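Quick note on this note's numbering: the sequence shown kicks off at 263 and runs consecutively. C-beta atoms are modelled at their ideal positions from N, C-alpha and C, and glycine is treated no differently. Just so we're clear, the structure is a prediction, and the values are computed from it rather than from any experiment.
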Amino acid sequence: MCGIVGYLGTKNATDILIDGLKRLEYRGYDSAGVAIHTGQALTVLKEAGRISVLESLLTEAKPEGTRGIAHTRWATHGSPNQLNAHPHTDMNHHTAVVHNGIIENYLEIRTWLQDREIFCVTDTDTEVVALLANTLWNGNLLDTMREVVKRLRGSYALALMHHAHPDEIAVARKDSPLVIGEGLSEMFLASDVTALLPYTREFRFLEDNQIGIVREDGVSIHDKDGKPVTVEKTTITWDSEAAEKGGWDHFMLKEMMEQPVVIRNTIGSRIADNRESIILDGECTSSAYLEHIDKIYITACGTAYHAGMVAKYLFEHMAGLPVEVEFASEFRYREPLINARTLVIVISQSGETADTLAAMREAKRRGAKVLAIVNTVGSTIAREADSVIFTWAGPEIAVASTKAYIAQLSVIHLIAVHLATVRGTMSPFEIEQYLDELEQIPDKIDSILARRDEIKALAARFAHGRDIFFLGRGFDYNIALEGSLKLKEISYIHSEAYPAGELKHGTIALIEDDTFVVALCTQSPMVEKMISNIREVKARGAVVLAIAKETHRELTEVADMTLFLPDTPDALVPILAIVPLQLFAYYCAIERGCDVDKPRNLAKSVTVE
Ligand code: AGP
Numbered sequence: 263m264c265g266i267v268g269y270l271g272t273k274n275a276t277d278i279l280i281d282g283l284k285r286l287e288y289r290g291y292d293s294a295g296v297a298i299h300t301g302q303a304l305t306v307l308k309e310a311g312r313i314s315v316l317e318s319l320l321t322e323a324k325p326e327g328t329r330g331i332a333h334t335r336w337a338t339h340g341s342p343n344q345l346n347a348h349p350h351t352d353m354n355h356h357t358a359v360v361h362n363g364i365i366e367n368y369l370e371i372r373t374w375l376q377d378r379e380i381f382c383v384t385d386t387d388t389e390v391v392a393l394l395a396n397t398l399w400n401g402n403l404l405d406t407m408r409e410v411v412k413r414l415r416g417s418y419a420l421a422l423m424h425h426a427h428p429d430e431i432a433v434a435r436k437d438s439p440l441v442i443g444e445g446l447s448e449m450f451l452a453s454d455v456t457a458l459l460p461y462t463r464e465f466r467f468l469e470d471n472q473i474g475i476v477r478e479d480g481v482s483i484h485d486k487d488g489k490p491v492t493v494e495k496t497t498i499t500w501d502s503e504a505a506e507k508g509g510w511d512h513f514m515l516k517e518m519m520e521q522p523v524v525i526r527n528t529i530g531s532r533i534a535d536n537r538e539s540i541i542l543d544g545e546c547t548s549s550a551y552l553e554h555i556d557k558i559y560i561t562a563c564g565t566a567y568h569a570g571m572v573a574k575y576l577f578e579h580m581a582g583l584p585v586e587v588e589f590a591s592e593f594r595y596r597e598p599l600i601n602a603r604t605l606v607i608v609i610s611q612s613g614e615t616a617d618t619l620a621a622m623r624e625a626k627r628r629g630a631k632v633l634a635i636v637n638t639v640g641s642t643i644a645r646e647a648d649s650v651i652f653t654w655a656g657p658e659i660a661v662a663s664t665k666a667y668i669a670q671l672s673v674i675h676l677i678a679v680h681l682a683t684v685r686g687t688m689s690p691f692e693i694e695q696y697l698d699e700l701e702q703i704p705d706k707i708d709s710i711l712a713r714r715d716e717i718k719a720l721a722a723r724f725a726h727g728r729d730i731f732f733l734g735r736g737f738d739y740n741i742a743l744e745g746s747l748k749l750k751e752i753s754y755i756h757s758e759a760y761p762a763g764e765l766k767h768g769t770i771a772l773i774e775d776d777t778f779v780v781a782l783c784t785q786s787p788m789v790e791k792m793i794s795n796i797r798e799v800k801a802r803g804a805v806v807l808a809i810a811k812e813t814h815r816e817l818t819e820v821a822d823m824t825l826f827l828p829d830t831p832d833a834l835v836p837i838l839a840i841v842p843l844q845l846f847a848y849y850c851a852i853e854r855g856c857d858v859d860k861p862r863n864l865a866k867s868v869t870v871e
């Protein structure tokens with residue numbers, strides 16, 4: 263996600279802002295910029311690339327001023343270039359704004375502005391905020407910010423300046439963090455404390471739907487109706503490393519905790535207001551093209567491949583389309599049977615994985631169109647695919663993918679509904695019901711994350727096991743694959759994921775006393791069969807943890823331990839079921855003293871064959 267820094271005081275704002283942005287570099291970004299009030303006007307300097315590129319720009323023309331805002335952008339809407347970099351302004355530079363999050367209804371606002379002869383010049387969602395602020399300006403920064411945020415839907419941490427009010431910076435937040443730092447005769451703001459620790463340890467953490475007006479001598483905080491509210495100051499004792507993780511012990515845990523917001527960001531702006539259709543861009547998602555295809559071929563690596571396995575079951579079940587899924591490292595050499603009537607979908611967090619990139623190029627060479635599901639804007643796969651759907655998970659720092667996988671599943675559910683709409687395999691009522699259930703998933707994940715100590719206790723019991731098996735049927739088998747990979751890659755425990763019905767064809771020979779088995783039993787039609795499989799392995803000495811929906815209490819009679827999930831339609835349970843497995847792997851790795859964020863032998867993006 264993006265980085266925000268702001269300053270009001272007596273020092274040169276540019277120096278403090280650039281220093282603050284550098285402390286946020288760990289978050290990942292592709293462009294940077296500053297807006298400085300020089301006393302007469304708002305001066306904006308911004309550039310694609312590293313902060314050092316912006317610094318060289320500033321060296322040539324360093325704006326003098328003691329107030330300003332700055333930003334490092336992780337592109338979501340619009341390529342990572344100078345035009346799309348923040349801060350964004352209206353055409354006269356009366357307003358300047360920096361933003362972290364997703365404005366879901368930016369197209370609607372863009373139309374509202376166009377009706378008033380006000381036109382955007384960038385590809386971003388954020389620009390509409392600067393134009394709204396200028397259009398709604400009434401001489402009072404608090405009033406104006408209130409009127410602006412009333413019109414926004416989505417997630418945002420905002421900092422807004424107006425040329426006529428050099429002594430104030432307005433801030434607002436919803437679902438995206440923003441902190442206000444207090445110094446001696448100077449004030450700071452940032453997307454997280456990491457940027458400001460050298461200057462202050464006294465912070466106020468803005469809460470959702472609050473607006474702050476920051477001045478050199480303090481801050482006034484208000485609710486969305488403008489009523490003053492009190493936000494207590496917190497003294498932060500973290501060192502900078504802890505601060506980068508938002509106070510969490512590891513990036514992986516921080517990123518797991520971000521999963522509910524990631525889903526809301528990824529699906530929010532893509533569900534049509536009529537709730538009967540999905541808004542997806544690009545030729546490969548057009549009705550005309552989708553009516554033309556007779557097969558989908560999905561190819562990816564690792565966790566992204568496991569997301570593709572869920573997609574296969576979903577697309578076939580919901581849209582009646584035959585789907586093949588293949589590891590990209592296999593696909594690229596096996597002369598796949600694809601042609602112009604095959605839609606090839608590639609899935610990649612980094613957008614740079616060599617095998618997936620090569621598979622995509624092979625698919626195009628064979629005449630297929632390629633739709634990419636990618637987390638990194640501007641990546642090679644995103645640029646070369648015929649169509650792209652971005653997962654708005656923000657930068658994923660931990661090598662083990664969690665929030666990006668959840669975001670991939672979210673996009674896959676949207677595509678499944680879209681395919682069903684185009685092919686008429688679901689009624690508008692069924693689609694509306696499905697989307698209602700999808701929108702409840704973030705809160706359900708929150709409830710599972712809140713139980714992480716329960717999962718930590720389970721991990722403590724099994725972290726020193728030699729072999730851990732994950733069993734499941736249908737969607738549960740897909741989740742078993744991902745749960746097993748998570749465990750292997752960060753705790754180094756040997757693990758296998760198996761279709762539960764396949765166990766008796768060989769692998770059950772490995773089950774012996776105290777072998778630990780995780781039985782995924784979330785698919786209602788399969789619960790009885792899974793109970794039989796649990797009994798089979800228990801008869802051979804296994805210790806079994808069953809994961810099931812809370813409606814299947816009978817599993818407590820069969821398994822040694824059970825972990826129940828909130829009741830959810832079978833097709834949507836995979837998004838929930840992976841969360842306890844992510845946490846289980848995480849706590850096993852910690853119990854074994856492993857380097858959770860940087861596991862041995864692994865890279866975040868495998869850009870070599
Ligand atoms: C996931 O936990 C792993 N780090 C790895 O399997 C990863 O999913 C795989 O390398 C694919 O990466 P990509 O999504 O960036 O293409």
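Could you name each continuous alpha helix (DSSP H) segment of 4 residues or more that falls completely within the region 297-378, going from the start of the chain to the end?
313-322 and 368-376
Could you give the distance in angstroms between the alpha-carbon of T565 and the alpha-carbon of G474?
Using only the alpha carbons, I get a separation of about 41 Å.
Considering P522, what are the terminal residues of the alpha helix (DSSP H) in which it resides?
Q521 to G530
Under 8 Å, with one C-beta from each stretch per pair, do the region 846-858 and the region 827-837 reach the 3-pair mark?
no
Taking one C-beta from the region 856-866 and one from the region 503-518 each time, how about it: are there three or more such pairs within less than 8 Å?
They touch, by the three-pair rule.
Put H767 into one of helix, strand or coil per three-state DSSP.
helix
Hey, could you find the ends of the beta strand (DSSP E) A419 is sitting in?
G416 to H424
As a quick exercise: from G282, Q702, A297 and Y368, pick the residue whose alpha carbon is nearest that of D454.
G282
What residue range does the alpha helix (DSSP H) around T397 cover?
E389 to L398
Roughly how many angstroms lie between the CA atoms of G488 and T397, to the nearest whole one?
A straight-line Cα-Cα distance of about 19 Å links G488 and T397.
Between L316 and T276, what straight-line distance do the alpha-carbon atoms span, to the nearest angstrom?
11 Å
By the DSSP assignment, the beta strand (DSSP E) with H680 in it spans what residues?
Not the beta strand (DSSP E): H680 falls in the alpha helix (DSSP H), residues K665 to R685.
Does any heavy atom of the ligand AGP sit closer than 8 Å to the C-beta of A762?
no
What whole-angstrom Cβ distance do G443 and T462 have, given they're in contact under 8 Å?
Yes, G443 and T462 are in contact; Cβ-Cβ is about 4 Å, under 8 Å.
Closer than 8 Å to a non-hydrogen atom of the ligand AGP - does that hold for the CB of V868?
yes
Terminal residues of the continuous beta strand (DSSP E) containing R435?
I431 to K436
Go ahead and label A323 buried or exposed: buried means 16 or more other beta carbons lie within 10 angstroms of its beta carbon, across all protein chains shown.
The residue in question, A323, is exposed, as its Cβ has fewer than 16 Cβ neighbours within 10 Å.
Can you give me the C-alpha to C-alpha distance between F450 and E430, rounded to a whole angstrom?
11 Å
L286 to T528, Cα distance in whole Å?
23 Å
Do you know how far the Cα of T373 is from the Cα of V391?
13 Å
DSSP on G785, reduced to helix/strand/coil?
As written in the sequence, residue 785 is Gln, which differs from the Gly given in the question. Of the three classes helix, strand and coil, the one that applies to Q785 here is coil, per DSSP.
Identify which residue in K706, M688 and A297 has its Cα closest to the Cα of A421.
A297
Could you tell me which whole alpha helix (DSSP H) segments of length 4 or greater appear in the region 689-716?
690-711
Who are K811's beta bridge partners in DSSP?
For K811, which the question treats as bridged, DSSP gives the partners L827.
Can the beta-carbon of M788 be found closer than 9 Å to that of A808?
no
Helix, strand or coil for F732, going by three-state DSSP, please let me know.
strand
Does DSSP put R285 in a helix, in a strand, or in coil?
coil
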